[in-house]
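> Take this structure, written in structure tokens, and hold onto it; I'll ask about it next.
Residue numbers (the working numbering): 522 to 660.
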């Protein structure tokens with residue numbers, strides 16, 4: 522991993538853990554939200570645990586308009602990394618419960634946004650924004 526990738530990941534890790542307090546999903550994508558952060562994904566994604574796919578936009582879940590994402594409410598993002606298939610510059614997030622959210626961008630811009638606000642609570646003025654896939658990050 523390059524020095525720039527490490528510095529971006531270390532910058533994100535300064536804010537961890539990030540608790541998931543709500544989720545949103547629509548035909549454009551999904552969003553994980555917390556008291557001072559959000560991760561909006563407008564491309565392919567999946568959540569795995571132990572190598573098994575638990576949630577994805579391609580999996581229907583009876584009674585769940587959020588593809589099962591509501592199961593992440595109450596969990597926390599405790600680590601992040603960089604991965605990808607086509608673009609190789611996408612974020613993945615590991616939760617305290619051992620679930621992994623993976624993002625798979627099709628294009629080289631505007632596929633996801635991680636935004637973190639200050640300690641004051643709410644989703645006010647961001648103090649950290651990362652839009653991906655991230656061109657300066659190499660695996």
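Beta carbons are placed, not taken as given, at the ideal position from N, Cα and C, and that holds for glycine.
Just so you know, these numbers come straight off a predicted model, no measurement behind them.
Assuming residue 561 and residue 612 are in contact, meaning their beta carbons sit under 8 Å apart, how far apart are those beta carbons, in whole angstroms?
Indexing the chain shown from 1 puts residue 561 at position 40. Indexing the chain shown from 1 puts residue 612 at position 91. About 12 Å separates the two Cβ atoms, so there is no contact after all.
> Tell me, which residues are paired with residue 573 by DSSP?
What you label residue 573 is simply residue 52 of the chain shown in a count that begins at 1. Note: residue 573 sits in a beta bridge opposite 570.
> Are the CB atoms of residue 541 and residue 555 within a distance shorter than 9 Å?
As a working mapping, residue 555 is identified with position 34 in the chain shown. As a working mapping, residue 541 is identified with position 20 in the chain shown. Closer than 9 Å, so yes.
> Is the shortest distance between the beta-carbon of residue 616 and the beta-carbons of chain B less than 9 Å?
No chain B appears in this structure, which consists of one protein chain only.
> With residue 580 as the anchor, note down where its beta strand (DSSP E) starts and where it stops.
In the chain shown, residue 580 corresponds to position 59, counting from 1. Neither: residue 580 is in no beta strand (DSSP E) and is coded neither H nor E.
> If you pair each beta-carbon of the segment 588-605 with each one of the segment 613-621, do three or more pairs fall below 8 Å?
Output reads yes: the segment 613-621 touches the segment 588-605.
> Can you give the Cα-Cα distance for residue 586 and residue 551, rounded to whole angstroms?
Walking along the chain shown from the start, residue 586 turns up at place 65. Walking along the chain shown from the start, residue 551 turns up at place 30. Cα-Cα distance, rounded: 11 Å.
> Could you give the first and the last residue of the continuous beta strand (DSSP E) run that contains residue 634?
As a position in the chain shown, residue 634 is number 113, starting the count at 1. Its beta strand (DSSP E) spans residues 633-638.
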